[in-house]
Amino acid sequence: MIQSMTGFGKHVIQLPSKKITVELKSLNSKNLDLNARMPSAYREKELELRKIIASSLVRGKVDFGLYVETTGGETSAQINEEVVTTYMKQLGAIAEGDDLRLLEMALRMPDAMKTEREDIDEKEYKAIQLALKEALSEINIFRSEEGNVLEKDFIDRIKNLEGLLAKVIEMDPDRQADVRERLDKAVADIKADVDANRFEQELIYYLEKYDITEEKVRLANHLDYFDKTLKSDDSNGKKLGFISQEIGREINTIGSKANYAPMQQLVVQMKDELEKIKEQMLNVL
7 MIQSMTGFGK HVIQLPSKKI TVELKSLNSK NLDLNARMPS AYREKELELR KIIASSLVRG
67 KVDFGLYVET TGGETSAQIN EEVVTTYMKQ LGAIAEGDDL RLLEMALRMP DAMKTEREDI
127 DEKEYKAIQL ALKEALSEIN IFRSEEGNVL EKDFIDRIKN LEGLLAKVIE MDPDRQADVR
187 ERLDKAVADI KADVDANRFE QELIYYLEKY DITEEKVRLA NHLDYFDKTL KSDDSNGKKL
247 GFISQEIGRE INTIGSKANY APMQQLVVQM KDELEKIKEQ MLNVL
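Written out as structure tokens, the structure is:
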């Protein structure tokens with residue numbers, strides 16, 4: 007089962023005096039690109055939280071947000087009285103105004119509030135970890151649901167490629183006959199004596215050079231391998247990407263060897279299906 011790298015997860019925990027919210031958003035990326043936003047007081051736990059996220063999400067461009075809102079009477083912010091008083095005196099010297107107006111202006115100035123840094127409470131940190139765990143569970147469910155949609159699309163396109171390959175196999179005898187006929191006609195148009203044995207040898211060499219038997223077999227094997235990997239327990243977008251590259255090589259080789267317009271039209275259709283697979287593959291975990 008494959009997973010998409012697109013997802014969203016959110017969980018909120020209400021403590022007696024604080025509301026903790028964890029949000030996770032992810033998009034496709036070759037590797038894990040994690041951007042963390044959290045209050046400065048919790049930065050000491052950032053590396054540990056990053057490890058938890060990395061072990062669960064593995065790949066993707068991930069935005070992690072931790073928001074802590076004080077809902078009770080507790081607050082670590084206090085008015086810096088000395089600074090505010092100094093601001094009021096300076097403002098009063100510049101312009102007239104009552105004390106209430108000067109106080110309002112002073113409170114907007116830098117350093118008017120001071121915050122005492124407190125150690126993170128253990129219960130609070132456990133609540134953060136729990137919220138993160140729940141948010142990770144939500145985003146992984148989201149990724150799995152998106153992965154199911156991608157998987158159905160891949161299965162349909164692989165079936166289309168298998169159908170086109172079957173047409174190529176069915177058409178191949180006609181292609182070889184057409185190539186031989188064109189060679190015979192080209193020799194006849196020369197209107198010169200040709201050594202029949204030598205011509206037959208050259209014809210065999212030419213037909214072997216444009217033989218696509220191996221490509222047909224390898225392409226069929228790659229399509230089967232893609233299907234089996236798609237249905238495996240683990241989501242492995244990189245592996246599926248490598249297999250799709252091999253599929254592309256075989257399709258390109260068949261196209262270059264075809265030398266037969268009807269078959270080349272089938273090759274164009276195969277390339278179109280594969281290109282759509284590759285576009286969606288960018289979003290697979």
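The sequence shown begins at 7 in this note's numbering and counts up one residue at a time.
Beta carbons: idealized from backbone N, C-alpha and C, even for Gly.
Being a predicted model, the structure only gives us computed values, none of them experimental.
Tell me which residues share the same chain as Arg181 and place their Cβ nearer than 6 Å to its Cβ, disregarding the 5 neighbours each side in the sequence. Tyr266 and Met269
Spatial neighbours of Ile175 in its chain, beta-carbon cut-off 8 Å, leaving aside the 5 residues before and after: Lys222
Pair within 9 Å by beta-carbon distance, Glu144 and Lys31: no
Kindly indicate which residue of Arg65, Arg56 and Gln275 has the alpha-carbon position closest to the one of Ser241. Arg65
Would you list the residues sitting across from Glu29 in a DSSP beta bridge? Lys16 and Gly71
If the criterion is Cβ atoms closer than 9 Å, does the pair Glu187 and Arg224 meet it? no
Would the segment 8–23 count as touching the segment 46–55 if we require 3 or more Cβ pairs under 8 Å? no
Determine which residues share a DSSP beta bridge with Ala42 and list them. Phe70
Would Met94 be called buried (16 or more neighbouring beta carbons within 10 Å of its own) or exposed? Buried, by the Cβ-count rule.
Of all the options Glu110, Arg56, Asp184 and Leu291, which has the alpha carbon lying nearest to the alpha carbon of Lys139? Ranked by Cα distance from Lys139, the first of Glu110, Arg56, Asp184 and Leu291 is Arg56.
Helix, strand or coil for Val64, going by three-state DSSP, please let me know. coil
Assuming Gln286 and Leu156 form a contact by the criterion Cβ under 8 Å, report the distance between their Cβ atoms to the nearest whole angstrom. 6 Å
Using a Cβ-Cβ cut-off of 7 Å (strictly less than) and excluding sequence neighbours within five positions of Arg163, which residues of its own chain qualify? Glu279, Lys282 and Ile283
For a quick check, are the C-beta atoms of Asn86 and Met44 less than 9 Å apart? no
From what residue to what residue does the alpha helix (DSSP H) around Val223 run? Thr219 to Leu236
Where Leu167 and Lys173 are concerned, what is the direct C-alpha to C-alpha distance, given to the nearest angstrom? Distance between the alpha carbons of Leu167 and Lys173: 10 Å.
Where does the unbroken alpha helix (DSSP H) through Tyr93 begin, and where does it stop? Glu87 to Ile100
Helix, strand or coil: how does DSSP classify Met276 here? helix
Report yes if the CB atom of Glu152 is closer than 9 Å to the CB atom of Asn289, and no otherwise. yes
Count the other CB atoms, across all protein chains shown, that sit within 10 Å of the CB of Met7; report buried if there are 16 or more and exposed otherwise. exposed
Using DSSP's beta-bridge definition, name the partner residues of Val290. Ser10
Cβ-Cβ distance between Lys36 and Thr76 below 9 Å: no
Distance between beta carbons of Val74 and Asn41, contact taken as under 8 Å: Actually they are not in contact, since the Cβ atoms of Asn41 and Val74 sit about 18 Å apart, beyond 8 Å.
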